[in-house]
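In this text, residue positions in the sequence shown follow this note's numbering: the first is 489, and each later residue adds one.
Using N, Cα and C, we set each Cβ at its ideal position, and we do this for glycine too.
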Amino acid sequence: MNDLIAKLSSYDIFINVIPGAVFVHFLSVTGIYVLASETLVGNLVLYYFSGLIISRIGSVVIEPLLRLLRVVKYGSYNDFIVASEKDPKILILLEASNLYRSILALIVVCAVGYNWDAMAGAVGFSRRTWVLMGCVALVILFTASFKKQNRFITQRVHRHSIAHNQDS
489 MNDLIAKLSS YDIFINVIPG AVFVHFLSVT GIYVLASETL VGNLVLYYFS
539 GLIISRIGSV VIEPLLRLLR VVKYGSYNDF IVASEKDPKI LILLEASNLY
589 RSILALIVVC AVGYNWDAMA GAVGFSRRTW VLMGCVALVI LFTASFKKQN
639 RFITQRVHRH SIAHNQDS
């Protein structure tokens with residue numbers, strides 16, 4: 489278990505585990521659902537996975553919405569790469585920014601969860617239909633996350649490829 493905990497980066501802890509733990513606690517305290525394991529490792533996995541979903545909602549749903557509303561604005565990714573290589577503090581600031589985005593997503597998810605019965609009752613779908621729709625939503629969410637992450641990787645590879653070709 490110590491190996492598992494040692495492999496968690498500060499990013500994983502702040503962006504995934506903490507929001508996941510808060511969400512699982514919120515579900516329990518509000519009486520919505522008790523989600524718990526009998527082991528510390530099991531709880532850590534629940535927290536991490538719950539937080540991962542919340543983080544992805546922040547990245548794939550909340551962030552683009554905030555961009556659309558012009559609440560946040562980003563420079564070019566290439567400028568970010570160059571600047572973060574020269575100033576390591578940028579990566580620390582990015583981690584804090586991503587934590588705030590995850591907390592914002594956590595608040596939205598908790599608000600939806602707290603009002604779920606009223607919203608679900610108004611639509612009238614069966615529990616099985618809601619579960620199926622939730623699974624489809626997770627497939628879409630993680631497909632979009634995968635696509636976004638691969639875009640960042642491709643941009644970094646392209647940048648290094650250009651730099652390598654200029655050096656040759």
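Asked, Found
"Going by beta carbon distance, what residues of the same chain come within less than 8 angstroms of Met607, once the five residues before and after it are set aside?", "Val600"
"Can you give me the Cβ contacts of Leu582 inside the same chain, cut-off strictly under 8 angstroms, excluding the 5 residues immediately before and after it?", "Ser572"
"Mind the definition here: the segment 490-508 touches the segment 586-595 only if three or more C-beta pairs lie below 8 angstroms; say whether that holds.", "yes"
"Could you tell me if Val510 is buried or exposed, where buried requires 16 or more neighbouring beta carbons within 10 angstroms of its beta carbon?", "buried"
"For the segment 517-527 and the segment 551-571, state whether three or more C-beta atom pairs, one from each stretch, are separated by less than 8 angstroms.", "no"
"Assuming Lys574 is part of the alpha helix (DSSP H), what are its boundary residues?", "565-574"
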